Amino acid sequence: MTTTQIDALIAETRRVAKEEILPWYRKLDDSEIDTKAHAQDLVTKADKASERELTRVGRDILPGAVIVGEEAVSDGSVKLDVLKGADQALIIDPIDGTWNYANGINTFGVILAVVEKGETVFGLLYDPLGDDWVMAERGGGAVFGTPAGDVRPVKARAPRQINEMTGYWPPAIFNAEQRSRMYDFAKVIDRHSSLRCACHEHRLFAQGGADFLLTANLNPWDHAAGALIAREAGGYVRMLDGEAYAPTLTDGNLLIAPDADSWRALADPLRMAVFGA
31 MTTTQIDALI AETRRVAKEE ILPWYRKLDD SEIDTKAHAQ DLVTKADKAS ERELTRVGRD
91 ILPGAVIVGE EAVSDGSVKL DVLKGADQAL IIDPIDGTWN YANGINTFGV ILAVVEKGET
151 VFGLLYDPLG DDWVMAERGG GAVFGTPAGD VRPVKARAPR QINEMTGYWP PAIFNAEQRS
211 RMYDFAKVID RHSSLRCACH EHRLFAQGGA DFLLTANLNP WDHAAGALIA REAGGYVRML
271 DGEAYAPTLT DGNLLIAPDA DSWRALADPL RMAVFGA
């Protein structure tokens with residue numbers, strides 16, 4: 031990717047958020063909010079409109095790239111398998127944290143990731159309300175940026191003892207037995223939470239505001255950008271079974287920690303919590 035393409039993706043993300051997301055925030059009526067897989071899995075007119083526009087401009091900025099949007103995959107118009115054979119793909123989460131957005135909670139974002147031959151090379155975690163972002167290019171480190179041109183490196187938190195750790199995971203997405211074991215594990219750490227928004231959880235980790243993240247799914251629109259940014263911020267990124275993460279994976283759990291030792295300290299008890307063995 032070129033600097034011009036990256037700048038264009040950021041500029042268009044900002045524009046689309048201003049035109050298609052923010053005008054409807056706290057102004058949606060019930061007819062403009064639908065459910066997908068279950069009652070808590072929401073999609074709004076703003077999700078659909080912003081994905082359409084980001085898809086359109088993405089084709090102009092990255093000619094020839096496959097476009098994989100969350101809503102397009104959800105409605106069946108795009109198959110997730112296209113990522114595996116794509117020379118280049120743009121992954122779009124038009125509103126991450128839609129439940130928060132639809133309920134008037136200020137924790138939502140836009141996530142973009144560019145994948146080339148199965149490897150994430152660019153990730154963007156954009157906050158429409160703050161109009162700022164955390165981004166990374168592969169091998170270039172992770173940075174926080176603003177429209178004024180302020181750019182500063184971000185770095186994962188220094189390792190600490192497990193009883194001092196703060197972690198994020200989405201307990202509602204795990205089954206009842208898993209949740210029970212995970213709450214037992216939670217007794218040995220300092221605190222745990224879920225923002226219902228991968229965008230801001232990944233931003234927090236990259237900026238040193240959390241010690242670990244555990245995912246319940248591998249949706250690439252939720253985690254491809256964040257995994258790259260975590261790695262570029264100095265974090266240790268692996269699947270819970272120890273294998274390398276890739277945006278083409280569809281099964282398993284991703285565990286992100288500040289370093290390899292912290293990851294290992296977390297992995298065994300979390301494997302027990304998730305798998306029961």
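Read in the numbering used here, the sequence shown has 65 at position 35, and its numbers run on one by one without any break.
Don't be surprised by glycine CBs; every beta carbon is placed ideally from N, CA and C.
Keep in mind that this is a model prediction, so the values were computed, not measured.
Boundaries of the beta strand (DSSP E) in which residue i is found, first to last residue
| i | result |
| --- | --- |
| R268 | Y266 to M269 |
| W163 | D162 to E167 |
| P250 | No beta strand (DSSP E) contains P250, which is instead part of the alpha helix (DSSP H) from P250 to E262. |
| A287 | L284 to A287 |
| G115 | First-last for G115: V112 to G115, but that is the alpha helix (DSSP H), not the beta strand (DSSP E). |
| G197 | T196 to Y198 |
| G175 | A172 to G175 |
| V218 | Note, V218: premise wrong, no beta strand (DSSP E); not H, not E. |
| R182 | V181 to P183 |
Anticipated Cβ contact below 8 Å, residue i with residue j, distance rounded
| i | j | result |
| --- | --- | --- |
| I141 | L155 | 6 Å |
| A303 | R211 | 4 Å |
| G246 | P200 | According to the sequence provided, residue 246 is Ala. The question's Gly does not apply to it. Correct: roughly 5 Å between the Cβ atoms. |
| D252 | D157 | Wrong, their Cβ atoms sit about 16 Å apart, outside the cutoff. |
| V173 | Q237 | Actually they do not touch by this definition, with Cβ atoms about 10 Å apart. |
| T280 | L243 | With 8 Å as the limit, T280 and L243 do not qualify as a contact, their Cβ atoms being about 18 Å apart. |
Secondary structure of residue i, DSSP reduced to three states
| i | result |
| --- | --- |
| E101 | helix |
| W190 | Residue 190 is actually Arg in this sequence, not Trp. In the structure shown, R190 sits in coil (DSSP, three-state: anything other than H, G, I, E or B). |
| A149 | A small correction: the amino acid at residue 149 is Glu; Ala does not occupy that position in the sequence shown. Residue state, collapsed to three classes: strand. |
| P299 | helix |
| E231 | helix |
| T74 | strand |
| R211 | helix |
| T85 | helix |
| Y156 | strand |
| L92 | coil |
| A240 | coil |
| T43 | helix |
| G134 | coil |
| S61 | helix |
| R226 | coil |
| A143 | strand |
| D37 | helix |
| F204 | coil |
| P277 | coil |
Residue range of the alpha helix (DSSP H) that includes residue i
| i | result |
| --- | --- |
| I122 | Per DSSP, I122 belongs to no alpha helix (DSSP H); it is in the beta strand (DSSP E), A119 to D126. |
Classification of residue i by the beta-carbon crowding that lies within 10 angstroms, buried from 16 upward
| i | result |
| --- | --- |
| E207 | exposed |
| P177 | exposed |
| L113 | buried |
| G171 | exposed |
| V181 | exposed |
| V218 | exposed |
| K78 | buried |
| D126 | buried |
| Y213 | exposed |
| A76 | buried |
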